[in-house]
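One structure below.
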Amino acid sequence: MKPSRLIAGLTTSTILVGSLTLAPHALAEPTTPTPEPTPVPASPYSYAAIGDSATVGGSWFAPLGDLCGRNRVDYPNVLANNTGLQLNETACYDATTSNYQRTRPAGILNSPNPPQVKAIDKNTRMVTIQLGLRDIVGDGTNSLLTKCVSAWGKEYTSMLSGQPTELTGSPCRDTYGKATLKKFDGLQARLAAIYANAKTRTTSDTLVVAVGYAPLFNGAKNCWEGQLIPARDRQFYNDIYRKLNHTIRQAARQAGVPSFVPSKDLGIRSSCGVPGLRFTSLTGLPEASYPMGPTVAGQAHIALTLEQMWKDWKSTHSSLK
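Numbering of the sequence shown is given in the working numbering, commencing with residue 130 and proceeding in unit increments.
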C-alpha cells in the first residue's frame, strides 16, 4: 500500500449508515405521553458568533448547507436554542483573524467570507470569538497537516509491514517547528484588538467571550487514533494548542473580556480518548464528526459552558432580565 493511500484513509471518511430496528406500534405497551420540553422564550437580543472551523464543526448529518460549513449542532446554534438569543453566525470554515474586518476567502471552495464583525448589531448582547488557530496551522494544501503528512510519509515503511508499533522521531516538528511558532508573532495583539473592537460596537451590557481550542491529542502519550503520527509530533501539535490558548487568554485579559478554553481531561476528551465522550477527533469516526475538528459532544460542552456564563452575566445586569 502506498503511503499516500494510507494517509487518504486517515483524512477521508466514509459514512456508514447502520440499520435501525423499530418496534411495531401494535406490540408496544401503552405509556404515558412524554411532555414536550418547554420552549425557551425568544429573547429580544441577539448573539453574534464569530469564528472558524472549530466554531462551525458538528455532525455529518446536520449541515446547514451554506458555503461556510455551519452546522445545526455547532455550539452557536445549540447556545442560541438554549438561551433564546437570536443568532447572527458569521463564523466560517478556515477563517483567520483577518476575516474579522475584511472580506477574505474561507469556507467551502475558498469562497469570499464577508467581514465577520457584521454579526454584531445594536441588539447584540452576547459575542463569542474563536479565531487564531488557522493563523497558525493554515488551511487546505498549505496547512501544517498537509506538510506534515509529506514528512511522515518517509517513516511509514515500518507501519506498512503490519506492525502495530507507533512511529518514532519528530519529522514534522523538525521541519516546520520554527516557521510555525514564528506565526505567533503579533497574534496576541491582533486578538486583543478584535476583542476590544467587539466591545466598542456594543453596550456595556454585552458579554464578549474569547473562546479557545480543545487540543487534538493527549501529548506524546499512547493514542489509539494517532498511531499514524509520531508521538513527538503529537506533542508538537499539543504544544501549538497550548501556546495558542495561552495567547488567547492573555489577549482576552488585555482587552478586558472573559475567556474559555476547553482543555481539561485530555486523556478522555482529546482525540486519544473515549468515543462519544471526547471533544475532538482526528478522523471524525465513529462520531460522524469532521476530521481534525470538534465532535458533537465537544460542541455541546462549549455551548453548556457559555450558556452558564450568559446566565451569570444576566444575573448581574438588571437591564437584561
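Beta carbons: idealized from backbone N, C-alpha and C, even for Gly.
Check whether the Cβ atoms of residue i and residue j lie closer than 7 Å to each other.
i, j, result
"F365", "P391", "no"
"T219", "Q245", "yes"
"Y222", "C197", "yes"
"A417", "W189", "yes"
"V425", "P387", "no"
"A280", "T297", "no"
"G413", "Y419", "yes"
"G236", "V169", "no"
"P415", "P423", "no"
"Q259", "V340", "yes"
Within a Cβ cutoff of 7 Å, which residues of the same chain sit near residue i, ignoring the five residues on either side of it in sequence?
i, result
"L262", "D181, A183, Y342, L373"
"T434", "F389"
"L449", "R254, D334, K443"
"K131", "For K131, the predicted structure reports a pLDDT of 42, less than 50, and the residue's modelled location is therefore unreliable. A value from the coordinates is still provided. Contacts found: none."
"G396", "N347, G402"
"A191", "N200, R201, V202"
"A327", "I249, V256, I258, V337"
"A157", "Residue placement at A157 cannot be trusted, given a pLDDT of 38 that sits under 50; the coordinates are not used to answer."
"S142", "Residue confidence for S142 is low, a pLDDT of 35 falling below 50, so the modelled location carries little weight; the figure read from the coordinates is stated next. Hits under 7 Å: T412, G413, L414, P420."
At a threshold of 6 Å, does residue i count as lining the ligand GDP (C-beta to nearest heavy atom)?
i, result
"L238", "Summarising the ligand content, the structure contains no ligands, and the ligand GDP is consequently not present."
Could you give the distance in angstroms between the alpha-carbon of residue i and the alpha-carbon of residue j?
i, j, result
"I323", "T232", "15 Å"
"P293", "G267", "Bear in mind that the predicted position of P293 carries a pLDDT of just 47, short of 50, making it unreliable; the figure below should be weighed with that in mind. Taking the straight line joining both Cα atoms gives about 31 Å."
"P153", "G194", "Confidence in P153 is poor, its pLDDT being 31 and thus under 50, which makes the residue's placement too unreliable to answer from."
"G402", "E354", "9 Å"
"A224", "K312", "15 Å"
"D250", "P359", "46 Å"
"K276", "C301", "8 Å"
"L336", "A432", "15 Å"
"L411", "G187", "14 Å"
"N252", "Q215", "9 Å"
"T445", "E436", "15 Å"
"Y370", "A171", "36 Å"
"K393", "S447", "33 Å"
"A325", "G282", "43 Å"
"T332", "L310", "36 Å"
"G147", "C352", "Because G147 sits at a pLDDT of 33, beneath the cut-off of 50, its placement in the model cannot be relied upon, and the following sentence gives the value as read from the coordinates. When rounded, the distance between both Cα atoms is 26 Å."
Could you check which residue in the options has the C-alpha nearest to that of residue i?
i, options, result
"K440", "V207, N211, W189", "N211"
"P173", "A235, N217, K311", "N217"
"D368", "T257, G282, I265, V207", "I265"
"L316", "S227, D394, G187, G213", "S227"
"D314", "P420, L260, T376, K328", "T376"
"V278", "D362, H446, P423, V169", "D362"
"L357", "A248, N206, S299", "S299"
"A318", "R378, L238, K307", "R378"
"A349", "S400, T332, K328, P423", "S400"
"A308", "T332, G282, S272", "S272"
"L274", "L238, G306, L260", "G306"
Just to confirm my understanding: we take residue i, look at its own chain, exclude 5 residues before and 5 after, and list those with CB closer than 6 Å. What are they?
i, result
"R398", "R407, F408"
"A321", "A380, Q383, A384"
"Q230", "P244, V246"
"Y204", "Q428, I431, A432"
How close, in whole Å, do the beta carbons of residue i and residue j come, if the pair is a contact with beta carbons under 8 Å?
i, j, result
"P83", "P243", "The structure shown does not extend to residue 83, since the chain spans only 130 to 450, so no value can be given for it."
"V185", "R201", "Wrong, their Cβ atoms sit about 11 Å apart, outside the cutoff."
"A178", "T257", "6 Å"
"L345", "M421", "7 Å"
Excluding sequence positions up to five away, which residues of its chain have a Cβ less than 8 Å from the Cβ of residue i?
i, result
"T163", "Confidence in T163 is poor, its pLDDT being 46 and thus under 50, which makes the residue's placement too unreliable to answer from."
"R330", "V246, I249, T253"
"L238", "L196"
Is the CB of residue i under 7 Å away from at least one CB in chain D?
i, result
"N210", "In summary, chain D is missing from the structure at hand, where a single protein chain is found."
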